[in-house]
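Here the structure is laid out as structure tokens; the discussion comes afterwards.
2 protein chains.
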Amino acid sequence: MSKQRPTIADVAHRAGVSKGSVSFALNGRPGLAQSTVDKILAAADELGWRPSNRARSLSVSKAFALGLVITRDPAVLSSDPFFPAFIAGVESVLSARGQALVLQVVTAGEDEEAGYRRLAQDARVDGVFLSDLRHDDPRIGLLVELGLPAVTLNRPDGTSPFPAVTLDDRPGTIAVVEHLIELGHTRIAQVAGPPDFVHATARSTAFESAVSAAGLRPVAVEAGDFTAAGGIEATRRLLALPEPPTAIVYANDRMAIAGLGAAQAAGLTVPDDLSIAGFDDSELAEYVHPGLTTVRADPFRFGEAAAQTLNQLVDGATDVPDVELPPAQLVVRRSTGAAPA
Amino acid sequence: MSKQRPTIADVAHRAGVSKGSVSFALNGRPGLAQSTVDKILAAADELGWRPSNRARSLSVSKAFALGLVITRDPAVLSSDPFFPAFIAGVESVLSARGQALVLQVVTAGEDEEAGYRRLAQDARVDGVFLSDLRHDDPRIGLLVELGLPAVTLNRPDGTSPFPAVTLDDRPGTIAVVEHLIELGHTRIAQVAGPPDFVHATARSTAFESAVSAAGLRPVAVEAGDFTAAGGIEATRRLLALPEPPTAIVYANDRMAIAGLGAAQAAGLTVPDDLSIAGFDDSELAEYVHPGLTTVRADPFRFGEAAAQTLNQLVDGATDVPDVELPPAQLVVRRSTGAAPA
DNA sequence: TTTGCCTTTTGAACCGGTTTAAACGCCATC
DNA sequence: GATGGCGTTTAAACCGGTTCAAAAGGCAAA
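The listed protein sequences derive, respectively, from chains A and B. So the mapping is simple: the working numbering equals the position in the first sequence, first residue as 1, plus 8. So the mapping is simple: the working numbering equals the position in the second sequence, first residue as 1, plus 8.
Printed below as a string of structure tokens:
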């Protein structure tokens, strides 16, 4: 009649065996007679018993949870279309295994390290996802020191003991440039992301090499910061050049949409006077006017792959292989058009 | 020399006391001599001891974590500016208390209930946030049944045993309408959210009563779905009316920005031909062209308040009071202007 | 000196699982 | 009938904390 959830002792009593046997049966350990296993599982079923995560956690020293640390630079977090879909992908793997996702939001800078430290010291998680990799990222060494398994989202530039799940941004970026060149553009500029991010520089070097490959030179590469406000500013600087570009490639959609607004506010018509391309294919990209030409990745699969990889590591596998996802792809819409005469 | 983290027994041994005393000292229980407390804390400090969450969890039957279930309707989740900021606010409270935030992403519909069930059965959290309340929300009864403490974000329409943290959307919505009426608009329409959401209908009834208060009648109230695609469709329907509105009020920024794109694609100039207003003041609202007139709430404070309230409940308080946050406020930008002649 | 009371401290049980060494039952073998 | 071996099951220790009844210590009153 009690509302308490049953414990392993209740099941053992009901099945007429010892606690140890119940544990064996539950975990599929060999050495128990099949008839006993059946009896135990039946008893567990009747009682609606589910082993306590807490007790298991204590005795096997596992948290049955993975962690994701996100920096709370409001701009980085706030309308980034990557994380929600990534998290959904992660969850699709975790929920099947009965694991939980622990989210840690920290303010950018110093506190970030503290975020990982807390997660490790509190032993809240069995491993973490390392996102938004930076050059010579100090977090890699930190996690090694903390002994916390990790998976890096994209490949770090230094040496790393952790498996990497990568999604190559470069083919998409190159395709954007080629698309613009086909349209007759010769004066192409880029608004890049902050150069300390690995994926930001990957996109800008891809941009530069694609432009060079066509025998051209970038009009300019402005360092943006992935925020809409930064996109506006960079766009204004580009448009104020003595010989402004006829096409601008942005490192993400947020900056691109903001840049689109800035261009229109300056009296330009997109794409007649200026072509604009983004990166992410966020929800709004399709619906702004004109629809934004952009590059689409698959953050959901990214999340799935990252979770699977991290779990291999957590399960004790050594030599977990890197995973390479299908590269990002060009999505052409109306914001890019023929170069003005 | 061991790399193992110290346990309470190590501290007890070093301080020359029993485990129980260390526990008392750590938790500030009365009954220990001050000198003993100091000695114990010093020993703990020297060893760098931090009590194991897992062990505590098991013995006190608490998870030291709160849960947030989000439906993975990709559109609802994906570029919703509310959650990231809300979560940041929640974390600001949790991190100070050493609690964790467990995120559960479920697909919309049936699975949602399973999400809460899992969180409760796995005893992963001590309480949950109930967001995106629906009319006669079945989750309230479910949580009561599961015995899981909760806080509702906004006030449910049925009876609820849980405290509510509310942020009144209505004053902002009313202010939008009054602003438009001052500008001379008489033909005003709304693109609402799905009518099963409490906050969606709150916004639409506020809209309707504000229009009525001015002696006018809404041109139409279109049911949107909070997605950009839905915003586009609803906008097209409104513009196709025999006597289309001169101003459209949207229930969120995503629909508004998409509607802005649709209006421009239809050859209209905003705000000369059509005024547009959103809701949320998302990052892009300021930077699209023209800048979006919208309504600003404070999801970070919402998160803080919700976490504090839920923690009171988790700490065993009864009669936890509801919290009323400052209402949403009008932000006027360029997307609203004088009604066309 | 004994008694009693109050403050401080301890030891052991407990939370609910996992793990391992040892015990058990049974049958075949010598 | 004792011995050995094998498959099965158990009892108890353990994970690292919390909690509480009881013991110990100190001091004043009788």
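From the three backbone atoms N, C-alpha and C, an ideal C-beta is built for every residue, glycine too. Computed from a prediction, not measured in an experiment: that's the story for all the values here.
Residue 97/A and residue 312/A have their alpha carbons spaced roughly 5 Å apart. Annotation for residue 193/B: 254, 255, 283 and 347 place their beta carbon closer than 7 Å to its own, counting only its chain and skipping 5 residues before and after. Ranked by Cα distance from residue 101/B, the first of 317/B, 349/B and 325/B is 317/B.
When only Cα atoms are considered, residue 286/B and residue 209/A end up about 35 Å apart.
Note on residue 42/B: under 16 other CB atoms within 10 angstroms of its CB, so exposed under the neighbour-count rule. Contact check between the stretch 303 to 311 of chain A and the stretch 177 to 188 of chain A: three or more CB pairs, one atom from each, fall below 8 Å, which counts as touching. A check of alpha carbon separations from residue 245/B across 274/B, 225/B and 127/B identifies 274/B as the nearest. Where residue 76/B is concerned, the enclosing beta strand (DSSP E) starts and stops at 73 to 79. When DSSP states are grouped into helix, strand and coil, residue 295/B belongs to the coil group. Each residue's CA atom was taken as its position, placing residue 59/B and residue 298/B some 55 Å apart. Excluding the 5 residues flanking it on each side, residue 147/B has same chain C-beta neighbours closer than 7 Å at 124 and 138, in chain order. Just so you know, the alpha carbons of residue 333/A and residue 173/A end up roughly 7 Å apart. Against residue 262/B, the close residues of chain A are 291 and 292, in the order they occur along the chain (beta-carbon pairs closer than 8 Å). Sorting 106/A, 215/A, 112/A and 70/A by C-alpha distance to the C-alpha of residue 324/A places 70/A at the top. Among the residues facing chain B, residue 18/A is not included, as its CB has no counterpart in that chain under 7 Å away. Counting only the Cα atoms, residue 50/A lies some 13 Å from residue 29/A. For residue 170/B, no alpha helix (DSSP H) segment is defined, and its DSSP state is neither H nor E. Secondary structure note for residue 302/B: its beta strand (DSSP E) is the uninterrupted segment 302 to 304.
For residue 135/B, the uninterrupted beta strand (DSSP E) run begins and ends at 135 to 138, by DSSP. Put simply, the CB of residue 144/B is far from chain A, with every gap to its CB atoms at 7 Å or more. Annotation: residue 233/B has no Cβ neighbours in chain A at a cutoff of 9 Å; minimum Cβ distance is about 12 Å. Cβ-Cβ distances below 6 Å link residue 195/A to 227, 253 and 254 in the same chain, with the five nearest sequence neighbours on each side left out; the list follows chain order.
For residue 113/B, the three-state secondary structure derived from DSSP is strand.
For residue 316/B, the secondary structure class from DSSP, reduced to helix, strand or coil, is helix. Here residue 143/A is exposed, its C-beta having fewer than 16 other C-beta atoms within 10 Å. For residue 201/A, none of the residues of chain B pass the 8 Å Cβ criterion, the least Cβ distance being about 16 Å.
DSSP, reduced to helix, strand and coil, places residue 142/A within a strand of the structure shown. DSSP, reduced to helix, strand and coil, places residue 184/B within a helical segment of the structure shown. For residue 333/B, the uninterrupted beta strand (DSSP E) run begins and ends at 331 to 333, by DSSP.
Contiguous alpha helix (DSSP H) elements confined to the stretch 223 to 265 of chain A occur at 236 to 247, taking only those with 4 or more residues. Using a Cβ-Cβ cut-off of 9 Å, residue 99/B is close to 80, 111, 112, 113 and 114 of chain A, given in chain order.
Think of a sphere of 8 Å around the beta carbon of residue 265/B: the chain A residues whose beta carbon falls inside it are 292, 295 and 296, in chain order. For residue 61/A, the neighbours in chain B by C-beta distance under 8 Å run, in chain order, 130, 131 and 132.
Checking the DSSP bridge columns, you'll see residue 337/B partnered with 304/B.
Cβ neighbours of residue 343/B within its own chain (closer than 6 Å, five residues either side excluded): 278, 279, 284, 298, 300 and 301.
Residue burial is scored here from C-beta neighbours: residue 249/B has fewer than 16 other C-beta atoms within 10 angstroms and is therefore classed as exposed.
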